[in-house]
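My numbering applies: residue 5 is where the sequence shown begins, and numbers increase by one.
We put the CB at the ideal spot given by N, CA and C, even for glycine.
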Amino acid sequence: MHLNLIATAAFGLESVVVHELEALGYPAKVARPGRIAFSGDPLALARANLWLRSADRVLVELASFPAADFDALFDTTRSLPWEEWIAADAAIPVRGRSHRSQLTSVPAIQRTVKKAIVDRLLSRRPGGSVPESGPPAPVEISLVADAATLDLDATGQGLHRRGYRTLAAAAQLRETLAAGLVQLSFWQPERPLVDPFCGTGTIVIEAALLGRRLAPGRNRSFAAEAWPAIPSGAWSEARREARDAALPSLPQRIIGCDADAESLKLARHHAQLAGVVDDIHFQQRRFDELSSSRQYGCVITNPPYGLRMGTDDDVERLYRSMPSVLRRLKTWSHFILSARPDFEQLVGQEADRRRKLYNGRIPCTLYQYFGPRPPRRRVHAPADDADEGATTAAEPSPFAASVEQVCEAAACGSHATAADPREGEPEATAKSRLAAKPAFGGLRTEAARQAAEFANRLKKRAHHLRRWPTKRGITCYRLYERDIPEVPLAVDRYEDALHIAEFERPHDRTPAEHADWLDHMVRTAADVLGVPRDLVFVKHRERQRGRQQYERVADRQAIRVVQEGGLRFQVNLSDYVDTGLFLDHRITRSMVRNDAQGATFLNLFAYTGAFTVYAAAGGAAETTSVDLSPMYLEWAETNLRLNGFDGPQHRLRRADARGYLATVGGKPRFDLAVVDPPTFSNSKRLNEDWDVQRDHAALLAQVLRVMRPGGVVYFSTNSRRFKLDETALAGTTYREITRQTIPEDFRNARIHRCWRIVKAAEGL
């Protein structure tokens, strides 16, 4: 018996199904979107149902004919030999659709077809009835441009119903799509595979089934098994072939990771039911912990989109983090399904290939990032069986829809539905792009030159400053500050550790390439200066308004005590953009100490209290440190205590600077003050935003009201565009002392600006 067969598939998976059918030995072609035509005998029907992984259903096409009216539809339908296909007690559900046809009412079309089938059956079974109490024989009627197609659904429940997923969870991927993702990748059982967002395990389970040549339909029944026209022997033969084709295990275990323990519990349960639990290693692990020492693997994953799970902000942060995580897998390829149209913008890198797919009703894109090809393995034949140097390859069973055949064809062949700007390029050109470059990251040729220039500059600076710790007692200093424009870093030495800050500068590297470049420069600095890598701390400085030291960037607690000017200070090298000790104010702090003998000292915007410690060391009678942050006031208290200044004369006040000055009133009480405000602040603790250019004049007027005659105010700002409002300084003498306060280890002569303001003495 010759059958015209149809495999249906979701949009974007048609070519995958074509390759699956060809691997089974049945030439196929895409008849129209979602329909793949092939032909064969009843055994072909059974094999297709058992083996197709990415198809939705297998249909038998009984007839295709013009049907511009209901009479033609009824008559032609009734003329078909339904009694040969439909059992006497079979239920006969009819599904219908109509597109660009004169018959537009789908319910009416379904009723007409059902009536014609029943009428035919009653006429061929005299005295009988159609009880419809048995297994269903689903019928599909499709009208497109007045052309009707009548199909019998040989599958019944969709092919995605493998039988192993018995428990539901949020945002699960359909099994047929998961199998399609695996087959569109470069994965083969000899290569590692990781799904870092495995959820309930669908992708990794489907990969294990594919790798072990386990027929996805081996544990279920199909509608056509009850059809009179299909001999039971065809099903027995197909199931025997499936048993014979199965492999006992995978060469290496697949990895499924997820941060959610409950999802992993479901995944293990599903893998157990699928018979592949020993082939998959499930790990509870966050995405940012992903790493592997294995080579030439594949990441295949379906991360959150922010549509059904996760918030937009969470998803954007996740996608932006992907390059820095995936670059660790230098030889791997990555296949990421997402519904986010801005995926490539968030990741910062265009995919090598894109493919439009649907996850349920959600339009998605499979973003494919190709890593280098693994080296070809040569398998030499035994000397007595082949010529010397010949190679052989084991032939898989033709019924296994083998990984080698299907994955290679689906992933590397031309994709008619792929939306790819490189579509149509010669395959040799496409493959040459896979040669050696990592999918994410890698160093460009100029990186070696930049690292060499950076190393030479660091060596010269380190040699020049080598005696500072012993001769000057300066153990924390700047070694490098964007000396080479292509290497926009600031490198500070904090005794035995390095603190490296990266400044924003335009470049054409992808985020992953840039992360590798930065790692290369950091390793260069560590090697040249002889600092262990775990004592090098790297931060990123963005151009933004606000005082960046208030931003937590990590939680490593790399806290240590360093010395400066014979004093001790606690610094945190890991967790904030700034460390707690501004090295550019080393000279300014010494000036404060020289002026502090017997003074009543005020430190506004005190931060960690370094100026206060210097004032106390200079003999200040009393100190008051004001800051809005309780954490920084605790830090200031620690610094005072480290130096033995923990008496009641050293007061710490949690307050906004302007609010504190308002409580003091206009009564002069301070002899010495430091005012070092942020450029901008919109802290939730403030009643209104702070802008140093707009607000400094009013602030300085408040400060001068609480200063005694002859009192000294050191005012500093790191605003590059700042212009001092001199009208606020009436009744004072003042001068800019910026040049005198910039330490010689700082190349940037405008890292801050500083003024010394003296309130006029009474009677002058």
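Beta-carbon proximity of residue i to residue j, cut-off 8 Å
| i | j | result |
| --- | --- | --- |
| Pro515 | Pro235 | no |
| Phe507 | Arg545 | yes |
| Ser342 | Thr369 | yes |
| Lys334 | Pro442 | yes |
| Asp157 | Pro142 | yes |
| Pro634 | Arg658 | yes |
| Ala278 | Leu213 | yes |
| Trp521 | Leu577 | no |
| Thr627 | Asn643 | no |
| Trp639 | Gly714 | no |
| Arg760 | Val710 | no |
| Met595 | Tyr738 | no |
| Ala614 | Phe605 | no |
| Phe339 | Leu185 | yes |
| Thr683 | Ser723 | yes |
| Ala249 | Arg289 | no |
| Gln50 | Ala41 | A small fix is needed here, since residue 50 is Ala in this sequence, not Gln. Not a contact, by the Cβ cut-off of 8 Å. |
Alpha-carbon to alpha-carbon, residue j and residue i
| i | j | result |
| --- | --- | --- |
| Ser629 | Leu539 | 32 Å |
| Tyr580 | Gln561 | 10 Å |
| Arg39 | Arg99 | 16 Å |
| Arg247 | Trp89 | 28 Å |
| Asp699 | Lys763 | 20 Å |
| Thr12 | Ala151 | 18 Å |
| Pro307 | Cys261 | 11 Å |
| Arg465 | Arg655 | 40 Å |
| Asp292 | Phe573 | 33 Å |
| Arg482 | Asp559 | 24 Å |
| Asp424 | Ala702 | Confidence is the limiting factor: at Asp424 the pLDDT is only 39, short of 50, which leaves the residue's position unreliable, though a coordinate-based value still follows. Straight-line Cα distance between these residues: approximately 60 Å. |
| Ser418 | Gly132 | Unreliable placement is indicated for Ser418, whose pLDDT of 37 sits below 50; no coordinate value is reported for it. |
| Ala753 | Glu450 | 29 Å |
| Phe15 | Asp346 | 21 Å |
| Glu692 | Tyr664 | 15 Å |
| Arg537 | Val495 | 14 Å |
Residue burial classification, residue i (beta-carbon count within 10 angstroms, cutoff 16)
| i | result |
| --- | --- |
| Pro200 | buried |
| Ala765 | exposed |
| Thr170 | exposed |
| Gln372 | buried |
| Leu163 | buried |
| Asn686 | exposed |
| Gln706 | buried |
| His468 | exposed |
| Ala398 | With a pLDDT of only 39 at Ala398, under 50, the local geometry of the prediction cannot be trusted, and the value read off the model is given with reservation. Result: exposed. |
| Gln106 | exposed |
| Asn363 | buried |
| Leu592 | The residue asked about is misnamed: residue 592 is Thr in this sequence, not Leu. Buried is the call here. |
| Glu24 | buried |
| Val21 | buried |
Contacts around residue i, its chain only, beta-carbon distance under 8 Å, and the 5 residues preceding and following it disregarded
| i | result |
| --- | --- |
| Asp45 | Met5, His6, Leu7 and Ala238 |
| Ala230 | Ala91, Ala94, Gly138, Pro139 and Ala141 |
| Leu690 | Leu632 and Asp660 |
| Tyr498 | Thr479, Cys480, Arg564, Val566, Val575, Leu577 and Thr583 |
| Pro378 | Arg195, Gln299, Tyr300 and Thr335 |
| Gln114 | Val98, Arg99, Gly100 and Ile145 |
| Pro672 | Arg709, Val710, Met711, Arg712, Pro713 and Gly715 |
Beta-carbon contacts of residue i that lie in its chain and below 7 Å, excluding the five residues immediately before and after
| i | result |
| --- | --- |
| Thr81 | Val117, Ala120, Ile121 and Leu154 |
| Phe4 | The question about residue 4 has no answer here: the residues shown for the chain are numbered 5 through 768. |
| Ala275 | Gly205, Ile209, Val281 and Ile284 |
| Ala621 | Leu571, Arg597 and Asn647 |
| Arg61 | Thr12, Asp157, Thr159, Gly162 and Leu163 |
| Ile741 | Cys758, Trp759 and Arg760 |
| Val557 | Lys543, Asp579, Tyr580 and Val581 |
Close beta carbons around residue i, own chain, < 6 Å, minus the five adjacent residues each side
| i | result |
| --- | --- |
| Asp317 | none |
| Arg243 | none |
| Ile746 | Ala753 |
| Gly167 | Asn223 and Arg224 |
Check: residue i C-beta below 7 Å from any heavy atom of the ligand SAM
| i | result |
| --- | --- |
| Arg57 | Of ligands this structure carries none, so the ligand SAM is not represented either. |
| said: Suppose only complete runs of 4+ residues qualify. What are the alpha helix (DSSP H) ranges in the region 432–515, listed by chain order? | reply: 450–468
| field | Secondary structure, alpha helix (DSSP H): runs of 4+ residues fully inside the region 679–714 | value | If we require 4 residues or more, the alpha helix (DSSP H) runs fully inside the region 679–714 come out as 696–709.
| request: Tell me the start and end of each unbroken alpha helix (DSSP H) in the region 624–683 that is at least 4 residues and wholly inside, in chain order. | output: 634–646 and 661–668
| request: With a floor of 3 residues, list each beta strand (DSSP E) that falls wholly inside the region 229–271, ordered by position along the chain. | output: 258–262
| field | Segments of 4+ residues assigned as alpha helix (DSSP H) that fall wholly inside the region 563–624 | value | 590–599 and 614–621
| Length at least 4, wholly inside the region 89–152: the alpha helix (DSSP H) runs in chain order | 110–128
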